[in-house]
Amino acid sequence: MVYMGKVGLLAGVGNLPVEFLRAAHQMGHEVIVISVVPDTAAALKTEADAYYEINVAKLDKIIKTLLREGVTDVTMIGKVTKEILFKGIKFPDFRAVKLLAKLRNRKDDTIMLAIVDELAKDNLVVADQTAYLKPLMPPPGVLTKRNPTEEEKEDIRFGFETAKAMGGMDIGQTVVVKHKAVMAIEAIEGTDACIRRGGALGRGGACVVKVAKPNQDVRFDVPAVGKQTLLSMIESGCTLLAMEAHKTLFVEQEEVLALADEHRICICAVDESY
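All residue numbers for the sequence shown refer to our numbering, where the first residue is 1 and numbers rise by one.
#1: Determine the burial state of S35: buried for a count of at least 16 other Cβ atoms within 10 Å of its Cβ, exposed for fewer.
#2: I'd like to confirm the pairing. Which residues does DSSP put opposite C268 in its beta bridges?
#3: Using the beta-carbon count (16 or more within 10 Å), is F20 buried or exposed?
#4: Could you tell me which residues DSSP pairs with E235 in its beta bridges?
#5: Jot down the residue ranges of each uninterrupted alpha helix (DSSP H) in the segment 73–122, minimum 4 residues, whole runs only, in chain order.
#6: Out of curiosity, what's the CA-to-CA distance linking K45 and K180?
#7: Let's test the definition: count the other Cβ atoms within 10 Å of the Cβ of G8 and tell me whether it reaches 16, buried, or not, exposed.
#8: The beta strand (DSSP E) with A184 in it runs from where to where?
#9: Nearest by alpha-carbon distance to A212: which of V142, R157, L16, A245 is it?
#10: Helix, strand or coil for H263? Go by DSSP, reduced to three states.
#11: Return helix, strand or coil for L10, following the three-state DSSP convention.
#12: Ordered along the chain, which non-local residues of its own chain (more than five positions away) have a Cβ less than 7 Å from that of V225?
#13: Report, in whole angstroms, the separation of the C-beta atoms of I302 and S232, which I expect to be a contact under 8 Å.
#14: Is the distance from the Cβ of T239 to the Cβ of I265 below 8 Å?
#15: My output table needs one value for Y274: the three-state DSSP class, helix, strand or coil.
#16: Report the partner residues of A193 according to the DSSP bridge assignment.
#17: Which of the three DSSP states is assigned to E69 in this structure?
#18: With 16 other CB atoms within 10 Å as the buried threshold, where does F91 fall?
#19: Please report the straight-line C-alpha distance between G12 and K79, rounded to a whole angstrom.
#20: Is K64 helix, strand or coil by DSSP?
#21: Sort G172, V256, P148 by Cα distance to G205 and report the nearest one.
#22: Are there 16 or more other CB atoms within 10 angstroms of the CB of D155, so buried, or fewer, so exposed?
#23: In the DSSP output, which residue or residues are listed as bridge partners for A224?
#24: Once DSSP output is grouped into helix, strand and coil, what is the label at V209?
#25: Could you check if E152 is buried or exposed, using at least 16 other CB atoms within 10 Å of its CB as the buried criterion?
#26: Please look up how many angstroms separate the CB atoms of V37 and V56, rounded, as I've assumed it's under 8 Å.
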């Protein structure tokens, strides 16, 4: 394995940061991990070449740590709920206060692009997440034993169009539909809460559709599904998950597909031609 230099990983919650860490290691990179929220995966601490826990509100400390470690390329991956901005960030440093004060709104892309610009001031480049994770982005096709019914196919097409429209407005990337009616649209509550709410309103048999934004910035917020997505579907009685092919990160695939087959849930990857 050829040494390819250091990569900084600003990690949120979920297994996706671990998948990134392992993929980067396989490519020959050292990975410097900064967990920016509580409850990140334990494997990050044990497998990282260097590991730090620095709250997302301590922006200057995060940047100085990356620079001290000799990092030039950074990836931001994992769940960092936007609710933190509305509950109030605790004890932000001056750099974070200045960044928040200049935001024209608090849409996802506005926040993330402001962080990208702030990192760039110190010559830290936010890299394409997907460059390391292409194998996790399935091509079109049905991934489970069960195929979608004709009615579910109609819901997929309707949900795909609806989710694209919502993504274009930078509201969310997930919708829950049933009988070509929208049960729930993802907003600040996040994917799992959207699924549980939409599934409950659908009273069984609802379809979950997750897509990339029409102008998706691959440096951040690339759509992802995994075990927790499926558990939320099982809890709320949803029966189908459709993700956008080639543009959605599908983590914990083996475990998720086995669980989906056990519960007769269809998982498929689709594109605009579906």
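Where a beta carbon is used, it is the ideal one built from N, C-alpha and C, also for glycine.
Here the structure is a predicted model, which means the values were calculated and not measured.
Short version:
#1: Along the sequence shown, one-based indexing puts residue 35 at 35. Its Cβ being crowded by 16 or more others within 10 Å, S35 is buried.
#2: The sequence position of residue 268 within the sequence shown is 268, counting from 1. In DSSP, C268 forms a bridge with V142, A242.
#3: For the purposes of this step, residue 20 is taken as the residue at position 20 of the sequence shown. The residue in question, F20, is buried, as its Cβ has 16 or more Cβ neighbours within 10 Å.
#4: Numbered from 1 along the sequence shown, position 235 holds the residue referred to as residue 235. Answer by DSSP bridge pairing: none, since E235 is not bridged.
#5: 83–87, 94–101, 108–120
#6: Taking the first residue of the sequence shown as 1, we reach residue 45 at position 45. Taking the first residue of the sequence shown as 1, we reach residue 180 at position 180. The alpha-carbon atoms of K45 and K180 are separated by roughly 44 Å.
#7: Taking the sequence shown and counting its residues from 1, one reaches residue 8 at position 8. G8 is buried by the Cβ-count criterion.
#8: As a working note, residue 184 is residue 184 in the sequence shown. It spans 181–185 - the beta strand (DSSP E) in which A184 sits, taken as one unbroken run.
#9: As a position in the sequence shown, residue 212 is number 212, starting the count at 1. With distances taken between Cα atoms, A212 lies closest to A245.
#10: Mapped onto the sequence shown, residue 263 falls at position 263. The answer is coil: DSSP assigns H263 none of H, G, I, E or B.
#11: Counted from its first residue, the sequence shown places residue 10 at position 10. L10 falls in the strand class under three-state DSSP.
#12: For the purposes of this step, residue 225 is identified with residue 225 of the sequence shown, where counting begins at 1. Correct list, in chain order: K210, L241, M243, T248, F250.
#13: The requested residue 302 is not part of the displayed model; the chain covers only 1 to 274.
#14: Here residue 239 refers to the residue found at position 239 of the sequence shown. Here residue 265 refers to the residue found at position 265 of the sequence shown. In contact: T239 and I265 (Cβ atoms closer than 8 Å).
#15: Indexing the sequence shown from 1 puts residue 274 at position 274. Coil.
#16: As a working note, residue 193 is residue 193 in the sequence shown. Per DSSP, none; premise fails for A193.
#17: Along the sequence shown, one-based indexing puts residue 69 at 69. Of the three classes helix, strand and coil, the one that applies to E69 here is coil, per DSSP.
#18: The count along the sequence shown starts at 1 and reaches residue 91 at position 91. Exposed is the call here.
#19: Looking up residue 12 in the sequence shown gives position 12. Looking up residue 79 in the sequence shown gives position 79. Using only the alpha carbons, I get a separation of about 5 Å.
#20: By one-based count along the sequence shown, residue 64 stands at place 64. The answer is helix: DSSP assigns K64 an H, G or I state.
#21: Position 205 of the sequence shown, counting from 1, holds the residue named residue 205. It is P148 whose Cα lies nearest to the Cα of G205.
#22: Taking the first residue of the sequence shown as 1, we reach residue 155 at position 155. By the 10 Å Cβ count, D155 comes out buried.
#23: Here residue 224 refers to the residue found at position 224 of the sequence shown. For A224, which the question treats as bridged, DSSP gives the partners L249.
#24: Here the question's residue 209 lines up with position 209 in the sequence shown. Three-state result, V209: strand.
#25: Residue 152 sits at position 152 when you count from the first residue of the sequence shown. E152 should be labelled buried.
#26: Here residue 37 refers to the residue found at position 37 when the sequence shown is read from its first residue. Here residue 56 refers to the residue found at position 56 when the sequence shown is read from its first residue. Yes, V37 and V56 are in contact; Cβ-Cβ is about 6 Å, under 8 Å.
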